[in-house]
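Here the structure comes first, spelled out in structure tokens, and everything after it is commentary.
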Amino acid sequence: MGAAEERIYDGNDVEITSKDNDQTDQYLTFIMASEEYGVDILSVQEIRGWESVTPIPNSPPHVKGVINLRGTIVPIVDLRQRFGLKNVEYGPLTVVIVLKVATAKGSRIMGIVVDAVSDVYSLSEEEMKSAPDLGDHVNTLYIKGLVNVNNKMVILLDINELLGSDSIPEVSINAIKELKEAR
Amino acid sequence: MSIDLSQFHQVFFEESFEGLQVMESSLLDLDCENVDSETINSIFRAAHSIKGSSSTFGFTEVAEFTHVLETLLDQVREGSRQLLSDHVDLLLQSVDCLHSMLTALQAKEEVDTEQSKVLIQAFNDILEGRESTSPTVASAAGAADVATSQMAPTLEPGSAEEVTWNIKFVPDGNLLRTGNEPLRMFRELAELGELDVKANLAKLPDIAVLNPEECYLSWEMYLTTVKPKSDIEEIFEWVVDESDITISATAGLFGDLPSQSSVVDTDAGALPGGIPTEQAVEQSESEKLPNKDIIAPPQKTAAQKDSGKGSESTSIRVSIEKIDSLVNLVGELVITQSMLGQLGNEFDMDKLQKLQEGLAQLEHNTRELQESVMRIRMLPISFTFSRFPRMVRDLSKQLGKKIDLKLLGESTELDKTVMEKIGDPLVHLVRNALDHGLELPEERRAAGKSETGTITLNAFHQGGNIIIEIIDDGKGLNSERILEKARANGVISESEILSDEQIQELIFQPGFSTAEKVTDVSGRGVGMDVVRRNILELNGSIEVRSAAGKGSTFTIRLPLTLAILDGQLINVGNQTYIIPLVSIVESLQPNMELVNHVAGGCDVFRLRDEYIPIIKLCEVFGVDPISDNLSESLLVVVEVGNSKVALVVDDLLGQQQVVIKSMESNYKKVDGISGATILGDGTVSLILDITDLIHMAGVRQQSKNGLKLVSSKTRAA
Chain L
1 MGAAEERIYD GNDVEITSKD NDQTDQYLTF IMASEEYGVD ILSVQEIRGW
51 ESVTPIPNSP PHVKGVINLR GTIVPIVDLR QRFGLKNVEY GPLTVVIVLK
101 VATAKGSRIM GIVVDAVSDV YSLSEEEMKS APDLGDHVNT LYIKGLVNVN
151 NKMVILLDIN ELLGSDSIPE VSINAIKELK EAR
Chain F
1001 MSIDLSQFHQ VFFEESFEGL QVMESSLLDL DCENVDSETI NSIFRAAHSI
1051 KGSSSTFGFT EVAEFTHVLE TLLDQVREGS RQLLSDHVDL LLQSVDCLHS
1101 MLTALQAKEE VDTEQSKVLI QAFNDILEGR ESTSPTVASA AGAADVATSQ
1151 MAPTLEPGSA EEVTWNIKFV PDGNLLRTGN EPLRMFRELA ELGELDVKAN
1201 LAKLPDIAVL NPEECYLSWE MYLTTVKPKS DIEEIFEWVV DESDITISAT
1251 AGLFGDLPSQ SSVVDTDAGA LPGGIPTEQA VEQSESEKLP NKDIIAPPQK
1301 TAAQKDSGKG SESTSIRVSI EKIDSLVNLV GELVITQSML GQLGNEFDMD
1351 KLQKLQEGLA QLEHNTRELQ ESVMRIRMLP ISFTFSRFPR MVRDLSKQLG
1401 KKIDLKLLGE STELDKTVME KIGDPLVHLV RNALDHGLEL PEERRAAGKS
1451 ETGTITLNAF HQGGNIIIEI IDDGKGLNSE RILEKARANG VISESEILSD
1501 EQIQELIFQP GFSTAEKVTD VSGRGVGMDV VRRNILELNG SIEVRSAAGK
1551 GSTFTIRLPL TLAILDGQLI NVGNQTYIIP LVSIVESLQP NMELVNHVAG
1601 GCDVFRLRDE YIPIIKLCEV FGVDPISDNL SESLLVVVEV GNSKVALVVD
1651 DLLGQQQVVI KSMESNYKKV DGISGATILG DGTVSLILDI TDLIHMAGVR
1701 QQSKNGLKLV SSKTRAA
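Sequences listed follow chains L and F, in order. Numbering follows this note's numbering, with no gaps: position 106 of the first sequence is 106. Converting from the second sequence to this note's numbering requires adding 1000 to each position, the first position being numbered 1.
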């Protein structure tokens, strides 16, 4: 995040962690390519280290494979690849966040591979800014909102939109870039 | 303290559906000429318990309806009524009606009483018919009775007018034995108003055969009172179930009939019942009205809340034997575990053999336990077969055919999930056999066969499969017509020459029906391909064998269970996959001389005198193989339906039973993969779907070469 953007946001900084009333939701944030993303903590089942997966034949590249999570077969999605980011080697910090995703048919358990887990924030509805409309060519449905935490933008993801449907919406890092430029 | 009865609803519905099944199958067994009292009893018992429990749960519509039914059955049981085939038809219709009422109640929907009312009326006509021939009955017309009794309750609230009630009391012979004294009831009645009792002595036997403990009398009373009908019913409360009691208003009211009847009509919807035999109703009409109002709203909100969930939770009944054997096995497991635990506490190498023994025992126990648990899911196939006698009976009437249905191997056990999914395809096949397969009696006679056609349903185990056969002795498939139709539809080209077997297979193609006209029963041409697809989804297969003029046999082959399979572990590249053992014919090292390359990119392998296409798993799955050289790999010959293919694998590992885990629950269906399982080391391994694989390989070849591989594709599709 550049200095120019920080200046723009200066005015609307919100002290977030100190506020903790009933209307706030908690978000688990994680880092990917030095951006911070957040998911609703209630959908998080567990956080695990990266372990080898069984690849699924003929699956899209971002679906790394399936793991055995105490008897359940759980697919693992690489969020970097999903967002079209550069691949990195999985290291000791690489984590898998296991999420419960609501779908039309109920819910399913999925894991996402991210660079590292960051923090947990309590955020209220008002602090959240909806993602600006970037036109037809950029799908922002999976972005629940943007929020400023300690001068840093956190992108809150709607995992149900992102992972819930079988036909996965086209997501690219360009969308996020454009998003930042638009602000 | 109030108990929330709704927690028992599920049990009630299950029991009731079971009861209905008993009624239906017993009704079908009934022979009107020669009524077996045990059969009637079992029908009666089923009806009675449905009545009892439905009124307990406040499902009055069901209770009322069942009561009328029960009244008729009771008379048949006692022998006071000859059972006619019309009655059986009516009873069967009632079973259907009850079924739909209960289904509606289970789904928390509004019950449609339209049908039940018509049936109740029909039952009453029969019952009234008896009464009009009986000497006890006053000559009042049955229809008038119905009208008055329906409107009488609507007059009650607030009306202090004197009403003369006509009460017909025909007690059960056991009345006195159960400690009920009619005299005391009459005294109580007399307290309500002016009472006039006439005893009917018609049934009184000769003094020589008279049993002093038996009640032979019946009574007809006229009671003039200001009290509501409920008070009268209360007096008869204890004998209602065993007796025939009719309470109807008489006298001066008839004059008002026309003006009242419109009121009756509108109220009829809200007040189901209202029939001469309404003494069955535990609550009086006046009590019922407010109750309905109070109960209805919460039910509705509950329905709204539950609508998303649906009534999906299903359960099965398990015999206590199976549970006992499970408990035993768990006991053994615990013993083995404690033995091993003890061994582990103070282990040295001397005890190695003991440890090995213990582990062997543990393996043994686990396997037995697993088998027992799986057996819990197994139900006899009679659960599915039981619906056919009824269906065949109805359809044979409708189609004017004489049909004899034979059920064989009804006790063959099958996994519950498989059973649920095989029901519809089976129904379809049986209907087809009835409609298209079997001929009309005249045609059969002309063909020199007996007039009665036979449909045989046969189920038996074969290896790890269950085989279900649907055999008819009808006219068989008409190969020429099928071929004609297939050419007309463009399923096959004009020049293609097919064997008889291949022609018969064509009926499983989409949009295929050779029935000359579409009937209600079948022939819309949406059938056989759906049947086949359903069966393929269960990892099963279906075949047809037919001889013109002799009949057809459909053979369905299904895996016993969907939860566990015997698998062969194989290696492709660095991946481990599992092939279902049942589909493996043999595994071998290829002799390169027998491998031929067919122009177009497909390798075939000559196995004895067959040419088998070779599928390279590493290519299909995009895995780097250990060796590109076929001679260093192994071939696993697998069979689906009638087609064989050879899969190229790098290595064969062990065989083991694997528990199938769904990929769809958290991901989606993967081409060529039927599921996943967890191996001993905790890693996930994928189970191959051979049918899918053959298809995939065909498509791949096609797209690669632009050529059509008839042999592997059309057969597998």
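Built from N, CA and C at the ideal position, the CB exists for glycine as well. All of these numbers come straight from a predicted model, not from anything done at the bench.
Minimum Cβ-Cβ distance from residue i to chain F less than 7 Å
i	result
L/Ile-47	no
L/Asn-87	no
L/Val-66	yes
L/Pro-92	no
L/Arg-108	yes
L/Pro-57	yes
Within chain F, the residues that residue i reaches when beta carbons sit closer than 7 Å
i	result
L/Val-74	Asn-1666
L/Asn-160	Ordered by position in chain F, no residue passes the 7 Å Cβ test against L/Asn-160, which lies about 14 Å from the chain.
Three-way DSSP call (helix, strand, coil) for residue i in this model
i	result
F/Ser-1006	helix
L/Arg-108	strand
F/Arg-1223	Residue 1223 of chain F is actually Leu in this sequence, not Arg. Strand.
F/Ile-1335	helix
F/Cys-1602	strand
F/Val-1766	Since the first and last residues shown for chain F are 1001 and 1717, residue 1766 of chain F lies out of range.
F/Glu-1188	helix
F/Ala-1646	strand
F/Glu-1664	coil
F/Gly-1058	coil
F/Arg-1557	strand
First and last residue of the uninterrupted alpha helix (DSSP H) at residue i
i	result
F/Gly-1358	1352 to 1376
F/Thr-1417	1416 to 1432
F/Met-1101	1085 to 1106
F/Val-1392	1388 to 1399
F/Asn-1034	Premise fails: F/Asn-1034 is in no alpha helix (DSSP H) and is neither H nor E.
F/Asp-1500	1500 to 1505
F/Lys-1485	1479 to 1489
F/Asp-1651	Premise fails: F/Asp-1651 lies in the beta strand (DSSP E), 1651 to 1659, not in any alpha helix (DSSP H).
F/Asp-1681	Here F/Asp-1681 belongs to no alpha helix (DSSP H), and DSSP marks it neither H nor E.
F/Arg-1533	1528 to 1537
F/Arg-1545	Taken as a continuous stretch (DSSP letters only), F/Arg-1545 belongs to no alpha helix (DSSP H), being part of the beta strand (DSSP E) at 1541 to 1547.
Short CB-CB distance (under 7 Å) between residue i and chain L
i	result
F/Lys-1485	no
F/Ile-1503	no
F/Val-1670	yes
F/Gly-1729	The structure shown does not extend to residue 1729 of chain F, since chain F is modelled only from 1001 through 1717, so no value can be given for it.
F/Phe-1017	no
F/Phe-1013	no
Amino acids of chain L, ordered along the chain, whose beta-carbon sits closer than 8 Å to that of residue i
i	result
F/Lys-1661	Gly-71, Thr-72, Ile-73
F/Ala-1676	Thr-54, Val-66, Ile-73
F/Ser-1685	Thr-54
F/Ile-1673	Ile-56, Pro-57
F/Phe-1621	Pro-57, Asn-58
From the options, residue whose alpha carbon lies closest to that of residue i
i	options	result
F/Ser-1685	L/Leu-42, L/Tyr-121, L/Gly-71	L/Gly-71
F/Asp-1435	F/Leu-1395, F/Leu-1030, F/Gly-1672, F/Val-1572	F/Leu-1395
L/His-23	L/Ser-43, L/Arg-48, L/Glu-127, L/Lys-152	Just to set this straight, residue 23 of chain L is Gln in the shown sequence, not His. The shortest C-alpha separation from L/Gln-23 is found at L/Glu-127.
F/Ile-1467	F/Glu-1501, F/Leu-1560, F/Val-1163	F/Leu-1560
F/Cys-1602	F/Thr-1366, F/Val-1645, F/Glu-1015	F/Val-1645
F/Leu-1175	F/Lys-1198, F/Trp-1238, F/Ser-1230	F/Trp-1238
Amino acids of chain L, ordered along the chain, whose beta-carbon sits closer than 7 Å to that of residue i
i	result
F/Ala-1563	Here the premise fails: no neighbours, minimum Cβ distance about 13 Å.
F/Phe-1347	Per Cβ cutoff of 7 Å: no residues; F/Phe-1347 is ~29 Å from chain L at best.
Residue i, enclosing beta strand (DSSP E) - first and last residue
i	result
L/Val-124	Residue 124 of chain L is actually Ser in this sequence, not Val. Where L/Ser-124 is concerned, the enclosing beta strand (DSSP E) stretches over 116 to 124.
L/Phe-30	24 to 32
L/Arg-48	44 to 49
F/His-1461	1453 to 1462
L/Ile-41	Run containing L/Ile-41: none; DSSP gives neither H nor E here.
L/Leu-79	From DSSP, L/Leu-79 is part of no beta strand (DSSP E) but of the alpha helix (DSSP H) over 79 to 82.
Closer than 9 Å at the beta carbon, the chain L residues around residue i
i	result
F/Gln-1575	Thr-54, Pro-55, Pro-57
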